[in-house]
Amino acid sequence: MRFTDFTPYDLVLLAQGLGVSIALFLATSAIGLVIGTLWAVVRFYRVAVLTPIITFLAELLKNSPVLVQLFLVFFGLPGLLHIRVTPVEAAMITLSANTAAFVYVIAVSAIESISRDQIEAARVFGLTRWQVLRHVVAPQATAFAIGPLVALLVNQLQVTSLISVIGVVDLTKIGDILNLRTLKPFVVWTAVGLLYYFSAKLVALIGTRFENRLRAHSAWRGL
821 MRFTDFTPYD LVLLAQGLGV SIALFLATSA IGLVIGTLWA VVRFYRVAVL TPIITFLAEL
881 LKNSPVLVQL FLVFFGLPGL LHIRVTPVEA AMITLSANTA AFVYVIAVSA IESISRDQIE
941 AARVFGLTRW QVLRHVVAPQ ATAFAIGPLV ALLVNQLQVT SLISVIGVVD LTKIGDILNL
1001 RTLKPFVVWT AVGLLYYFSA KLVALIGTRF ENRLRAHSAW RGL
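Quick note: the sequence shown, position 74, residue 894 per this note's numbering, numbers continuous.
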(Lines of atoms letter the chains of each structure in order from A and count residues from 1; the text may use other names and numbers.)
(Lines give C-alpha, C1' and ligand atoms only; values in the text may rest on other atoms or scores of the structure.)
Protein backbone atom coordinates (compact mmCIF):
# COMPACT_ATOMS: atom_id res chain seq x y z
CA MET A 1 0.00 0.00 0.00
CA ARG A 2 1.40 3.40 -0.98
CA PHE A 3 1.38 6.21 1.56
CA THR A 4 -1.12 8.08 -0.65
CA ASP A 5 -3.83 5.41 -0.43
CA PHE A 6 -7.05 5.82 1.56
CA THR A 7 -8.12 3.01 3.87
CA PRO A 8 -11.51 2.00 5.26
CA TYR A 9 -10.25 3.08 8.70
CA ASP A 10 -10.14 6.67 7.43
CA LEU A 11 -13.94 6.68 7.63
CA VAL A 12 -13.66 5.75 11.30
CA LEU A 13 -11.20 8.60 11.84
CA LEU A 14 -13.56 11.06 10.17
CA ALA A 15 -16.45 9.81 12.29
CA GLN A 16 -14.37 10.21 15.45
CA GLY A 17 -13.33 13.71 14.47
CA LEU A 18 -16.94 14.62 13.70
CA GLY A 19 -17.96 13.22 17.08
CA VAL A 20 -15.42 15.43 18.86
CA SER A 21 -16.59 18.50 16.95
CA ILE A 22 -20.26 17.86 17.67
CA ALA A 23 -19.62 17.03 21.34
CA LEU A 24 -17.72 20.28 21.86
CA PHE A 25 -20.35 22.19 19.91
CA LEU A 26 -23.19 20.81 22.03
CA ALA A 27 -21.37 21.35 25.32
CA THR A 28 -20.20 24.89 24.59
CA SER A 29 -23.57 25.86 23.08
CA ALA A 30 -25.40 24.68 26.20
CA ILE A 31 -23.00 26.51 28.51
CA GLY A 32 -23.10 29.63 26.35
CA LEU A 33 -26.91 29.63 26.25
CA VAL A 34 -27.13 29.42 30.04
CA ILE A 35 -24.49 32.08 30.71
CA GLY A 36 -25.76 34.45 28.02
CA THR A 37 -29.34 34.15 29.27
CA LEU A 38 -28.24 34.80 32.85
CA TRP A 39 -26.36 37.89 31.70
CA ALA A 40 -29.52 39.13 29.97
CA VAL A 41 -31.56 38.52 33.14
CA VAL A 42 -29.02 40.55 35.13
CA ARG A 43 -29.50 43.39 32.64
CA PHE A 44 -33.28 43.03 32.89
CA TYR A 45 -33.06 43.48 36.66
CA ARG A 46 -30.65 46.40 36.12
CA VAL A 47 -28.08 45.22 38.65
CA ALA A 48 -25.98 48.36 39.08
CA VAL A 49 -22.50 46.85 39.41
CA LEU A 50 -22.79 43.78 37.18
CA THR A 51 -24.62 45.23 34.18
CA PRO A 52 -21.81 47.48 32.85
CA ILE A 53 -19.23 44.74 33.46
CA ILE A 54 -21.29 42.17 31.55
CA THR A 55 -21.98 44.61 28.72
CA PHE A 56 -18.29 45.41 28.36
CA LEU A 57 -17.31 41.73 28.45
CA ALA A 58 -19.92 40.81 25.84
CA GLU A 59 -18.79 43.63 23.56
CA LEU A 60 -15.17 42.52 23.93
CA LEU A 61 -15.94 38.90 23.12
CA LYS A 62 -18.22 39.47 20.15
CA ASN A 63 -15.99 42.09 18.52
CA SER A 64 -12.67 40.24 18.69
CA PRO A 65 -11.52 37.24 16.58
CA VAL A 66 -12.31 33.84 18.06
CA LEU A 67 -8.86 32.59 17.05
CA VAL A 68 -7.22 35.36 19.08
CA GLN A 69 -9.42 34.48 22.06
CA LEU A 70 -8.43 30.84 21.67
CA PHE A 71 -4.71 31.69 21.64
CA LEU A 72 -5.17 34.00 24.62
CA VAL A 73 -6.79 31.25 26.69
CA PHE A 74 -4.48 28.45 25.58
CA PHE A 75 -1.17 30.31 25.56
CA GLY A 76 -1.87 33.45 27.59
CA LEU A 77 -3.62 32.14 30.71
CA PRO A 78 -0.98 29.49 31.54
CA GLY A 79 1.76 32.11 31.30
CA LEU A 80 -0.17 34.70 33.29
CA LEU A 81 -1.69 32.53 36.01
CA HIS A 82 0.86 29.68 35.96
CA ILE A 83 -1.82 27.07 35.40
CA ARG A 84 -2.12 24.21 32.93
CA VAL A 85 -4.82 24.49 30.30
CA THR A 86 -5.38 21.54 27.99
CA PRO A 87 -6.48 22.09 24.36
CA VAL A 88 -9.97 20.79 25.13
CA GLU A 89 -10.29 23.04 28.19
CA ALA A 90 -9.15 26.05 26.16
CA ALA A 91 -11.68 25.20 23.46
CA MET A 92 -14.48 24.81 26.01
CA ILE A 93 -13.71 28.12 27.73
CA THR A 94 -13.30 30.09 24.51
CA LEU A 95 -16.29 28.76 22.59
CA SER A 96 -18.58 28.91 25.63
CA ALA A 97 -17.66 32.53 26.35
CA ASN A 98 -17.97 33.55 22.72
CA THR A 99 -21.38 31.89 22.41
CA ALA A 100 -22.52 33.53 25.65
CA ALA A 101 -21.65 36.98 24.31
CA PHE A 102 -23.82 36.56 21.22
CA VAL A 103 -26.64 34.89 23.16
CA TYR A 104 -26.59 37.88 25.52
CA VAL A 105 -26.99 40.32 22.62
CA ILE A 106 -29.83 38.27 21.10
CA ALA A 107 -31.59 37.87 24.47
CA VAL A 108 -31.33 41.57 25.27
CA SER A 109 -32.77 42.47 21.87
CA ALA A 110 -35.60 39.98 22.36
CA ILE A 111 -36.44 41.39 25.79
CA GLU A 112 -36.34 44.97 24.57
CA SER A 113 -38.68 44.09 21.69
CA ILE A 114 -41.50 43.51 24.18
CA SER A 115 -43.75 46.48 24.74
CA ARG A 116 -43.17 48.24 28.05
CA ASP A 117 -46.94 48.61 28.32
CA GLN A 118 -47.29 44.85 28.81
CA ILE A 119 -44.72 44.86 31.58
CA GLU A 120 -46.29 47.84 33.31
CA ALA A 121 -49.76 46.29 33.01
CA ALA A 122 -48.49 43.08 34.58
CA ARG A 123 -46.98 45.04 37.47
CA VAL A 124 -50.28 46.88 37.96
CA PHE A 125 -52.04 43.52 38.34
CA GLY A 126 -49.68 42.66 41.18
CA LEU A 127 -47.12 40.41 39.48
CA THR A 128 -43.65 40.48 40.94
CA ARG A 129 -40.69 41.24 38.70
CA TRP A 130 -39.82 37.53 38.64
CA GLN A 131 -43.39 36.64 37.63
CA VAL A 132 -43.31 39.28 34.90
CA LEU A 133 -40.04 37.83 33.61
CA ARG A 134 -41.35 34.27 33.72
CA HIS A 135 -44.91 34.69 32.42
CA VAL A 136 -44.78 37.79 30.23
CA VAL A 137 -41.23 38.43 29.06
CA ALA A 138 -39.73 34.95 28.69
CA PRO A 139 -42.35 33.35 26.37
CA GLN A 140 -42.41 36.29 23.95
CA ALA A 141 -38.67 36.86 24.06
CA THR A 142 -38.03 33.18 23.34
CA ALA A 143 -40.32 33.25 20.32
CA PHE A 144 -38.53 36.36 19.04
CA ALA A 145 -35.01 35.05 19.70
CA ILE A 146 -35.27 31.49 18.41
CA GLY A 147 -34.54 32.40 14.77
CA PRO A 148 -31.35 34.38 15.51
CA LEU A 149 -30.28 31.71 18.00
CA VAL A 150 -30.55 28.97 15.37
CA ALA A 151 -28.44 31.04 12.99
CA LEU A 152 -25.91 31.61 15.78
CA LEU A 153 -25.66 27.89 16.56
CA VAL A 154 -25.07 27.03 12.91
CA ASN A 155 -22.27 29.60 12.84
CA GLN A 156 -20.78 28.32 16.10
CA LEU A 157 -20.64 24.81 14.67
CA GLN A 158 -18.45 26.15 11.87
CA VAL A 159 -16.32 28.06 14.40
CA THR A 160 -15.38 24.79 16.11
CA SER A 161 -13.07 24.12 13.15
CA LEU A 162 -10.66 26.70 14.63
CA ILE A 163 -9.84 24.55 17.66
CA SER A 164 -7.71 22.24 15.52
CA VAL A 165 -4.93 24.84 15.54
CA ILE A 166 -4.24 24.22 19.23
CA GLY A 167 -4.17 20.44 18.87
CA VAL A 168 -7.76 19.31 19.48
CA VAL A 169 -8.31 16.26 17.28
CA ASP A 170 -11.60 17.36 15.80
CA LEU A 171 -12.94 16.91 12.28
CA THR A 172 -10.69 19.60 10.80
CA LYS A 173 -7.61 18.14 12.48
CA ILE A 174 -8.44 14.69 11.12
CA GLY A 175 -8.82 16.24 7.69
CA ASP A 176 -5.39 17.83 8.03
CA ILE A 177 -3.86 14.49 9.05
CA LEU A 178 -5.46 12.65 6.13
CA ASN A 179 -4.43 15.40 3.75
CA LEU A 180 -0.79 15.15 4.80
CA ARG A 181 -0.85 11.36 4.53
CA THR A 182 -2.68 10.96 1.24
CA LEU A 183 -1.68 14.17 -0.56
CA LYS A 184 -5.21 14.38 -1.96
CA PRO A 185 -6.50 17.70 -0.61
CA PHE A 186 -9.49 17.99 -2.93
CA VAL A 187 -10.92 14.65 -1.85
CA VAL A 188 -10.13 15.13 1.84
CA TRP A 189 -11.42 18.66 2.23
CA THR A 190 -14.49 17.95 0.13
CA ALA A 191 -15.37 15.12 2.52
CA VAL A 192 -14.70 17.31 5.57
CA GLY A 193 -16.71 20.18 4.11
CA LEU A 194 -19.66 17.93 3.35
CA LEU A 195 -19.66 16.57 6.90
CA TYR A 196 -19.75 20.12 8.29
CA TYR A 197 -22.44 21.03 5.78
CA PHE A 198 -24.76 18.16 6.66
CA SER A 199 -24.18 18.72 10.39
CA ALA A 200 -25.07 22.39 10.01
CA LYS A 201 -28.16 21.52 7.96
CA LEU A 202 -29.27 19.15 10.70
CA VAL A 203 -28.86 21.86 13.35
CA ALA A 204 -30.80 24.31 11.17
CA LEU A 205 -33.55 21.76 10.51
CA ILE A 206 -33.99 20.98 14.20
CA GLY A 207 -33.96 24.67 15.05
CA THR A 208 -36.51 25.52 12.38
CA ARG A 209 -38.89 22.79 13.52
CA PHE A 210 -38.58 23.96 17.11
CA GLU A 211 -39.15 27.57 16.03
CA ASN A 212 -42.29 26.63 14.07
CA ARG A 213 -43.73 24.70 17.01
CA LEU A 214 -42.91 27.51 19.43
CA ARG A 215 -44.45 30.17 17.21
CA ALA A 216 -47.58 28.06 16.72
CA HIS A 217 -47.88 27.61 20.47
CA SER A 218 -47.33 31.32 21.06
CA ALA A 219 -49.93 32.24 18.45
CA TRP A 220 -52.45 29.89 20.07
CA ARG A 221 -51.87 31.59 23.40
CA GLY A 222 -52.27 34.98 21.78
CA LEU A 223 -48.68 36.08 22.36
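Positions of the beta carbon are idealized from the N, C-alpha and C atoms, including for glycine.
Computed from a predicted structure; not experimentally measured.
Inset, instruction - Classify I788 as helix, strand or coil using the three-state DSSP reduction. - result: The chain is shown only over 821 to 1043; residue 788 falls outside these bounds and no answer can be derived.
Inset, instruction - State buried or exposed for A917, treating a residue as buried only when at least 16 other CB atoms are found within 10 Å of its CB. - result: The count along the sequence shown starts at 1 and reaches residue 917 at position 97. A917 comes out buried.
Inset, instruction - Taking 8 Å as the threshold, find out whether the region 999-1010 comes into contact with the region 944-962 through three or more Cβ pairs. - result: no
Legend entry - For V925, the first and last residue of its enclosing alpha helix (DSSP H): What you label residue 925 is simply residue 105 of the sequence shown in a count that begins at 1. Note, V925: alpha helix (DSSP H), P907 to E932.
Inset, instruction - Please confirm whether L1015 and D830 have their CB atoms less than 8 Å apart. - result: Translated into positions along the sequence shown, residue 1015 becomes position 195. Translated into positions along the sequence shown, residue 830 becomes position 10. Not in contact: L1015 and D830 (Cβ atoms no closer than 8 Å).
Inset, instruction - Assign G946 to one of three DSSP states: helix, strand, or coil. - result: Translated into the one-based positions of the sequence shown, residue 946 becomes position 126. Of the three classes helix, strand and coil, the one that applies to G946 here is coil, per DSSP.
Inset, instruction - Determine, using beta carbons only, whether G856 and V923 come nearer to each other than 8 Å. - result: As a first step, residue 856 is located in the sequence shown; it is residue number 36 there, counting from the start. As a first step, residue 923 is located in the sequence shown; it is residue number 103 there, counting from the start. Yes.
Inset, instruction - Report, in whole angstroms, the separation of the C-beta atoms of L890 and T914, which I expect to be a contact under 8 Å. - result: Against the sequence shown, residue 890 aligns to sequence position 70. Against the sequence shown, residue 914 aligns to sequence position 94. 5 Å between Cβ atoms; contact.
Inset, instruction - Go ahead and pull the three-state DSSP assignment for T827. - result: By one-based count along the sequence shown, residue 827 stands at place 7. Correct three-state label for T827: coil.
Inset, instruction - Determine the DSSP secondary structure at L1003, reduced to helix, strand or coil. - result: Within the sequence shown, residue 1003 is the residue found at index 183, counting from 1. L1003 falls in the coil class under three-state DSSP.
Legend entry - Short Cβ contact (8 Å threshold) for V985 with V840: Locating residue 985 in the sequence shown gives position 165, where the first residue counts as 1. Locating residue 840 in the sequence shown gives position 20, where the first residue counts as 1. Not a contact, by the Cβ cut-off of 8 Å.
Inset, instruction - Quick one: give me the first and last residue of the alpha helix (DSSP H) that T875 is part of. - result: In the sequence shown, the residue the question calls residue 875 occupies position 55. Element bounds for T875: L870 to K882.
Inset, instruction - Alpha carbon to alpha carbon, how far is R863 from V886? Give it in angstroms, no decimals. - result: The sequence position of residue 886 within the sequence shown is 66, counting from 1. The sequence position of residue 863 within the sequence shown is 43, counting from 1. When rounded, the distance between both Cα atoms is 24 Å.
Inset, instruction - Measure the alpha-carbon distance for I903 versus S884 and round it to whole angstroms. - result: Here residue 903 corresponds to residue number 83 of the sequence shown, with the count starting at 1. Here residue 884 corresponds to residue number 64 of the sequence shown, with the count starting at 1. Rounded to whole angstroms, I903 to S884 spans 24 Å at the Cα level.
Inset, instruction - Would you kindly work out how many angstroms separate the C-alpha atoms of G1027 and L877, rounded to a whole number? - result: In the sequence shown, counting from the first residue as 1, residue 1027 sits at position 207. In the sequence shown, counting from the first residue as 1, residue 877 sits at position 57. When rounded, the distance between both Cα atoms is 27 Å.
Inset, instruction - Go ahead and label W859 buried or exposed: buried means 16 or more other beta carbons lie within 10 angstroms of its beta carbon, across all protein chains shown. - result: By one-based count along the sequence shown, residue 859 stands at place 39. Buried, by the Cβ-count rule.
Legend entry - P885, DSSP secondary structure in three states: Translated into the one-based positions of the sequence shown, residue 885 becomes position 65. Coil.
Legend entry - Inter-residue spacing [alpha-carbon to alpha-carbon] between G837 and L870: Counting from 1 along the sequence shown, the entry for residue 837 is found at position 17. Counting from 1 along the sequence shown, the entry for residue 870 is found at position 50. Roughly 39 Å between the two C-alpha positions.
Legend entry - Beta-carbon proximity check, D990 vs L844, cutoff 8 Å: By 1-based counting over the sequence shown, the position of residue 990 is 170. By 1-based counting over the sequence shown, the position of residue 844 is 24. A contact, by the Cβ cut-off of 8 Å.
Inset, instruction - Could you check what DSSP says for V979 in three-state terms: helix, strand or coil? - result: On the sequence shown, position 159 is the one that residue 979 refers to. Residue state, collapsed to three classes: helix.
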